[in-house]
Amino acid sequence: MSHEHTRPRPGESAPFHFESVWRVADPLAAVWSVLTDVEAWPQWWPGIAAATTDDSGVHPGSRAGITVRSPLGVAFDITLSIEGLTPARQVRLVADGDLRGFGVWTLARTGPLTAISSTWCVTTRRRSVRVLRPVSAGMHGFVMRAGEDGLRRRLSALA
Numbered sequence: 027m028s029h030e031h032t033r034p035r036p037g038e039s040a041p042f043h044f045e046s047v048w049r050v051a052d053p054l055a056a057v058w059s060v061l062t063d064v065e066a067w068p069q070w071w072p073g074i075a076a077a078t079t080d081d082s083g084v085h086p087g088s089r090a091g092i093t094v095r096s097p098l099g100v101a102f103d104i105t106l107s108i109e110g111l112t113p114a115r116q117v118r119l120v121a122d123g124d125l126r127g128f129g130v131w132t133l134a135r136t137g138p139l140t141a142i143s144s145t146w147c148v149t150t151r152r153r154s155v156r157v158l159r160p161v162s163a164g165m166h167g168f169v170m171r172a173g174e175d176g177l178r179r180r181l182s183a184l185a
C-alpha cells in the first residue's frame, strides 16, 4: 500500500512502516459504526488499554487519545487526529505522542466481506522502542490480529 512517509525529526527513529488487512463478513455501515466508537475499543480490542475522545464526533480535526499495550508489555500513549474523512470508506489520521506520523484506514466491500486496510508510517523518540525494531512488525501483527478477532466478536454480539 502506498502511503505518506513520515520524515524523522532530530532525535527520532527512522520510520516504522506497518500494514494490515482485516476481513469481516459484516456490512460497511456496521463496521464503520464499531470502528468510529473509539471509546469502546478497549472493550473488544485487547491491545488497546485505554481510549478517550474529545467528544466532538467523527470529523476532520477531532481527536482521540489511546494507550496501546504491546505483547511485550510496552505501552504507547498516542493522540490521533482526523486529518481527512470519507465516512464508511476512509479515515486519514495524524499520530502524535510516543509514536508520531500518519495512518490511513480504508474500508471496502469485496464480495461477501468488508476489508479494512490500515497503513501506518510512524517514528519515535523512545530509545526503548528503537531497540525493539527487529520485533516491531511481529508485535504490531499480534496487536492487529487480536483487533481483527475482537472486531469479529463485537460485530457478532451487535448483530
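First residue of the sequence shown? That's 27 in the working numbering, and the numbers climb one at a time after it. We put the beta carbon where it would ideally sit given N, CA and C, even for glycine.
Taking residue i as part of the alpha helix (DSSP H), name the residues at either end of that continuous run.
i      : result
Arg89  : No alpha helix (DSSP H) holds Arg89; the beta strand (DSSP E) holding it covers 89-95.
Glu174 : 159-184
Trp67  : 67-70
Hey, out of the options, whose CA is closest to residue i's CA?
i      : options                       : result
Thr145 : Pro138, Trp48, Asp175, Val157 : Trp48
Arg118 : Gly91, Leu158, Gly87, Ile104  : Gly87
Thr149 : Thr132, Asp124, Arg135        : Asp124
Met165 : Arg33, Glu45, His85           : Glu45
Ile104 : Val84, Arg126, His85          : Arg126
Leu54  : Ser154, His31, Pro113, Val161 : Pro113
Asp52  : Val161, Leu133, Ala76, Ser154 : Leu133
Trp67  : Leu111, Ala90, Arg115         : Ala90
Arg115 : Trp131, Val161, Ser107        : Trp131
Gly83  : Gly99, Arg35, Leu111, Pro34   : Leu111
Less than 6 Å between C-beta atoms, sequence neighbours within five positions excluded: which residues of the same chain meet that for residue i?
i      : result
Leu184 : none
Phe168 : Pro97
Note down the Cα distance separating residue i from residue j, rounded to an integer number of angstroms.
i      : j      : result
Met170 : Ser96  : 10 Å
Ala163 : Gly137 : 29 Å
Arg159 : Pro41  : 10 Å
Ala172 : Gln69  : 12 Å
Arg156 : Glu38  : 9 Å
Leu61  : Phe102 : 19 Å
Val94  : Pro72  : 9 Å
Arg135 : Asp63  : 20 Å
So, with DSSP's three-state summary, where would you put residue i?
i      : result
Glu30  : coil
Asp122 : strand
Glu38  : coil
Leu133 : strand
Trp58  : helix
Ser82  : coil
Arg49  : strand
Terminal residues of the continuous beta strand (DSSP E) containing residue i?
i      : result
Val148 : 139-149
Ser107 : 101-112
Ala76  : 74-79
Should residue i be counted as a contact of the ligand NAP given a C-beta to heavy atom distance under 7 Å?
i      : result
Leu139 : Looking at this structure, you won't find the ligand NAP or any other ligand, since it has none at all.
Excluding sequence positions up to five away, which residues of its chain have a Cβ less than 8 Å from the Cβ of residue i?
i     : result
Val50 : Val57, Leu139, Thr140, Ile142, Glu174, Leu177, Arg178, Leu181
If I measure Cβ to Cβ from residue i and keep anything under 7 Å in the same chain, skipping five residues before and after, which residues do I get?
i      : result
Glu109 : Pro86, Arg118, Leu119, Val120
Gly129 : Leu119, Ala121, Ser144, Thr145, Trp146
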